[in-house]
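Colleague: Heads up: the sequence shown runs through residues -19 to -1, 1 to 104, numbered per mature numbering (1 follows the signal peptide of the UniProt record, and there is no 0).
Each residue gets a CB set at the ideal place from its N, CA and C atoms; glycine is no exception.
All values derive from a computational prediction rather than experimental measurement.
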Amino acid sequence: MKRFLLTTAVLLAASIAQADPASVTDTAKGPTLVDSAGMTLYTFAKDSEGMSACTGPCATNWPPLMATAEDQAMGDWSVITRDDGTKQWAYKGQPLYTWKNDTKPGDVTGDGVANGAWKVAQP
């Protein structure tokens, strides 16, 4: 019985510890993925599934939605490894980013930047 309770407690703690890395909110662009601070998340057309093409100065302007080494894929969410070895969240295989020029939750000023290469991430 003790073993069962301990196993159940460990499984429960693991499921509570890792929630989705983003949530959905309504913006001017419709339902949009946002980070824990409510900032809009974006996808980049030059990325390929599971791989970020946004490095160096690009990543300064478009900060990646970082994951930890302990974070695990779940459902539509995956963790990719960036060129520098750090981890980043991806939704349906597409790496996610915020935009340095969004100043408050719900801003979508990055949508359409670079001739439409940047788009709000939508569920």
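Would you report the Cα separation of P86 and T67, rounded to the nearest angstrom?
Modeller: Translated into positions along the sequence shown, residue 86 becomes position 105. Translated into positions along the sequence shown, residue 67 becomes position 86. Their backbone Cα atoms lie some 25 Å apart in a straight line.
Colleague: May I ask you to verify whether the region 62 to 77 touches the region 18 to 34, counting CB pairs closer than 8 Å and requiring at least 3?
Modeller: yes
Colleague: I think V89 touches A9, with their Cβ atoms under 8 Å apart; what is that distance to the nearest whole Å?
Modeller: By 1-based counting over the sequence shown, the position of residue 89 is 108. By 1-based counting over the sequence shown, the position of residue 9 is 28. That pair is a contact at about 6 Å.
Colleague: Would you give the residue range spanned by the beta strand (DSSP E) that G56 belongs to?
Modeller: To locate residue 56, count along the sequence shown from 1; it is residue 75. Neither: G56 is in no beta strand (DSSP E) and is coded neither H nor E.
Colleague: Q53 and I61: beta carbons closer than 8 Å?
Modeller: For this step, residue 53 is matched to residue 72 along the sequence shown. For this step, residue 61 is matched to residue 80 along the sequence shown. No, Cβ-Cβ distance for Q53 and I61 is not below 8 Å.
Colleague: Assign P45 to one of three DSSP states: helix, strand, or coil.
Modeller: Along the sequence shown, one-based indexing puts residue 45 at 64. P45: strand per DSSP, three-state reduction.
Colleague: Mind checking S59: buried by the 16 CB within 10 Å criterion, or exposed?
Modeller: Residue 59 sits at position 78 when you count from the first residue of the sequence shown. S59 sits buried, since 16 or more C-beta atoms from the chains shown fall within 10 Å of its C-beta.
Colleague: Need the endpoints of the beta strand (DSSP E) that G97 sits in, please.
Modeller: Taking the sequence shown and counting its residues from 1, one reaches residue 97 at position 116. No beta strand (DSSP E) holds G97; the alpha helix (DSSP H) holding it covers 94 to 97.
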